[in-house]
Amino acid sequence: MDDLVQSIRHLSIPCRENILMLEKEFRSNDPDASERCGRLAGGYVVCAVMIPECRGHKLAVSLDLAASGPPVLMIHGAVAAKGACDAARDLTIRHRNLDVTEWE
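For reference, each letter of the sequence shown is one residue, going 569 to 672 in our numbering.
In structure tokens:
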């Protein structure tokens, strides 16, 4: 959780507000398929989601599709838009304590 707080602390107020808006949106909706970066072994889908009014950053999230019940979404933090998928993958592995390297 400290990574998440640190990643958004330096962002503008509108950017932080839109991250909160996205968090609420994710309570009932998954990220768009167009924002998916790839899949890690074990059923984890990694996404880099556009943050409105936050040029240069995306929100790294992952979905656990192997969980029983609805997919479990985890927000990992704001990452630079350039290289966002790689950063989102690395955060997913670290935050979910995964021991995987398979990336599709």
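For each residue, glycine too, the CB sits at the ideal point set by N, CA and C.
Is it true that the stretch 627-639 meets the stretch 609-618, where meeting means three or more beta-carbon pairs spaced less than 8 Å apart?
Yes, the stretch 627-639 touches the stretch 609-618.
First and last residue of the uninterrupted beta strand (DSSP E) at L631:
Start at 1 with the first residue of the sequence shown, and residue 631 comes out as number 63. Looking at the DSSP string, the run of the beta strand (DSSP E) that includes L631 is H625 to D632.
Using a Cβ-Cβ cutoff of less than 7 Å, which residues in the same chain neighbour G610 once the five nearest sequence positions on both sides are dropped?
On the sequence shown, position 42 is the one that residue 610 refers to. Same-chain partners within the cutoff: A634, L666 and V668.
Under 8 Å: do the stretch 594-601 and the stretch 652-663 share three or more Cβ pairs, one atom per stretch?
The stretch 594-601 vs the stretch 652-663: no contact.
Candidates R664, E670 and K626, of which the one nearest P599 by Cα:
Start at 1 with the first residue of the sequence shown, and residue 599 comes out as number 31. Of R664, E670 and K626, the residue nearest in Cα terms is K626.
Curious, which full-length beta strand (DSSP E) runs of at least 3 residues does the stretch 582-649 contain?
You should have 604-608, 612-618, 625-632 and 640-648.
Is it buried or exposed for V647, if we count other Cβ within 10 angstroms and need 16 for buried?
As a working note, residue 647 is residue 79 in the sequence shown. Classification for V647: buried.
Work out the CA separation of L608 and T660 for me, nearest whole Å.
In the sequence shown, counting from the first residue as 1, residue 660 sits at position 92. In the sequence shown, counting from the first residue as 1, residue 608 sits at position 40. Near 9 Å, if we compare the C-alpha coordinates of L608 and T660.
Please determine, among M642, A652, I581 and W671, the residue with the shortest C-alpha to C-alpha distance to L572.
Here residue 572 corresponds to residue number 4 of the sequence shown, with the count starting at 1. Among M642, A652, I581 and W671, the Cα nearest to that of L572 belongs to M642.
Exposed or buried, which one is S580 when buried takes at least 16 other CB atoms within 10 Å?
The residue you call residue 580 lines up with position 12 of the sequence shown. By the 10 Å Cβ count, S580 comes out exposed.
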